[in-house]
Structure formats: structure tokens, C-alpha cells
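Read the structure below first, then the notes.
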Amino acid sequence: GAGVSQSPRYKVAKRGQDVALRCDPISGHVSLFWYQQALGQGPEFLTYFQNEAQLDKSGLPSDRFFAERPEGSVSTLKIQRTQQEDSAVYLCASKIGETQYFGPGTRLLVL
Amino acid sequence: GENVEQHPSTLSVQEGDSAVIKCTYSDSASNYFPWYKQELGKGPQLIIDIRSNVGEKKDQRIAVTLNKTAKHFSLHITETQPEDSAVYFCAASKDTGTASKLTFGTGTRLQVTL
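Going line by line, the protein sequences match chains A and B.
Going by the working numbering, the first sequence opens with residue 5, and the numbers climb by one from there.
Going by the working numbering, the second sequence opens with residue -17, and the numbers climb by one from there.
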């Protein structure tokens, strides 16, 4: 079956622009996570949804980061007024049982 | 919060040899320990996992061991093949069924040479 998909795969933004990153989880997966992966590092937790409820946003680095999952399936991570330090790969994962299944990520480059 | 340390950061082995990657964690309440393989340009892929009520788990050429007392766990790959070359991440979480964010190590770049 289809795995987790993310779009776009690559995004180049000028500093100060807003960006929106999309995640399509595996159908039926209730739990959805966003992680940020800096170059050469492990993924770091950003936020977690159970259905449409955002239950944990403790990892969001600033109020410029906003995530939503209005119908409990597709999720969007929005970054306002992008900064160079936002350059990273943004990974989405959906979960069933114990296992988190990751998408391919969106590589964001802020110039 | 949880802190996961991973060693070594790079590992080069000859084809057919074994590879061992070690991780330590700080939160004694963590109870789920997955290992992920990440190839260039792709997302992490689960290769094996272990829960805290188990000391060892094996799946073909891959095995994981867990020492709860010492708070460390290890990945063992035997008979390595070139396609095993990738970055490997360990992770830990307090799995509560749904809300179980993963805390990752910094990764080990494994290179299997011919």
C-alpha cells in the first residue's frame, strides 16, 4: 500500500517568505508527527496530532511555526517569515501500533 | 527530557564483517527503542525495534540488545553487504500507545567496502 507522502520534495525560499509543507499520512493512521532534521543530525520532534487534535507542540522552535490537521488526515506545517536557520529536512511520520512510518521529507533551503 | 547518545559517528567495515552501533539513553521511563536506516534523499525506515521487557531481538542478519540497568542498547549487523551502507539512527520513546515522540541519536554513517 501507499506510504507517507510529502510535498513538495524540495523548496527554496527567500528569507522572510512564508512556506507550507504538506503531509499525506498512511490511510487510517490516527497519530501524525512532524520532525525537523538538520544536516548531519538526527530528526528532532516538532509536534504531534491525534486525529485533528494537536496534543503536543513542545518542539516547535518559535511562534513562526504552525501546524494543522483540520480533518484528521492531511497535515500542513507552515513556517512564517522564514529564516536561514529554518533550512532543514522536514519529516512527517504516521503511526500505527508502536511503529512510526516516515515520509521522504521536504528539503527546505532558505536563502 | 530524554537524551540519546550514539557511537560511533562513522563506521567502515569490509563486506562480510560485522558492524556494531551503540546507544545510551537517559530517561529510565523509556520503554521502546527502534532503529532506523536512512539512505540519501529518503526518510528513515524502521529496520528493527525492541521493547524494554525484552533483552534481545533478532531478524535475519540484524539483532538488537538492550540493557535496561545500564540504559544502553546496541545494533548488530552480521555478514554486512554493500547495500547496508547508509546512516543508522537509534531512538527512544516512552510509548504510551499514541503519544510517543521519538528522541533520536545523532546517527552512524556505515560504509561497507568490497
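Cβ coordinates follow ideal geometry from the N, Cα and C atoms, glycine included.
Computed from a prediction, not measured in an experiment: that's the story for all the values here.
- Within the region 95 to 108 of chain A, those residues whose Cβ lies closer than 7 angstroms to any Cβ of chain B are, in chain order, L95, E102, T103, Q104, F106, G107 and P108.
- Remark: C-beta atoms of Y14 (chain B) and S34 (chain B) approach each other more closely than 9 angstroms.
- Assignment of P16 (chain B) by DSSP, reduced to helix, strand and coil, places it in the strand class.
- The residues T60, in chain order, have a CB closer than 6 angstroms to that of S0 (chain B) in the same chain once the five nearest residues on each side in sequence are set aside.
- Identification of chain A residues near F71 (chain B) by a Cβ-Cβ cut-off of 8 angstroms yields G46 and P47, ordered along the chain.
- If you draw a 10 Å sphere on the C-beta of Q(-4) (chain B), you find fewer than 16 other C-beta atoms in it, and that means exposed.
- In the displayed model, D60 (chain A) falls within a strand according to three-state DSSP.
- Neighbourhood of G25 (chain B) in chain A, by CB distance below 7 angstroms: L95, F106, G107, P108 and G109, in chain order.
- Out of A:F106, A:L36, A:I30 and A:L113, the CA that lies nearest to the CA of A92 (chain A) is found in A:L113.
- The region 62 to 72 of chain B and the region 80 to 91 of chain B touch, with no fewer than 3 CB-CB distances between them shorter than 8 angstroms.
- According to the DSSP assignment, H33 (chain A) belongs to no beta strand (DSSP E), since it is labelled neither H nor E.
- Residues are counted here when their Cβ sits less than 9 angstroms from a Cβ of chain B; for the region 13 to 39 of chain A these are R13, V34, S35, F37 and Y39, given in chain order.
- Interface annotation, P64 (chain B): not in contact with chain A, CB-CB separation never under 9 angstroms.
- By the Cβ neighbour-count rule, K99 (chain A) is buried, with 16 or more other Cβ atoms within 10 Å of its own.
- Within chain A, the residues T103, Q104, Y105 and F106 have their CB atoms less than 9 angstroms from the CB of L28 (chain B), given in chain order.
- Chain order gives no chain A residues near G37 (chain B), where near means a beta carbon separation below 8 angstroms; the closest approach is about 17 angstroms.
- In this structure, DSSP gives E38 (chain B) an extended state, which the three-state scheme calls strand.
- In summary, R73 (chain A) is buried, with 16 or more beta-carbon neighbours lying within 10 Å of its beta-carbon over all protein chains present.
- Relative to A42 (chain A), the option among A:V34, A:E56, A:E89 and A:F106 whose CA is nearest is A:E89.
- Per DSSP, E(-13) (chain B) is one residue of the beta strand (DSSP E) stretching across V(-14) to H(-11).
- When rounded, the separation of the alpha-carbon atoms in I32 (chain B) and V23 (chain A) is 37 angstroms.
- Annotation for R13 (chain A): no beta strand (DSSP E) segment contains it, and DSSP assigns it neither H nor E.
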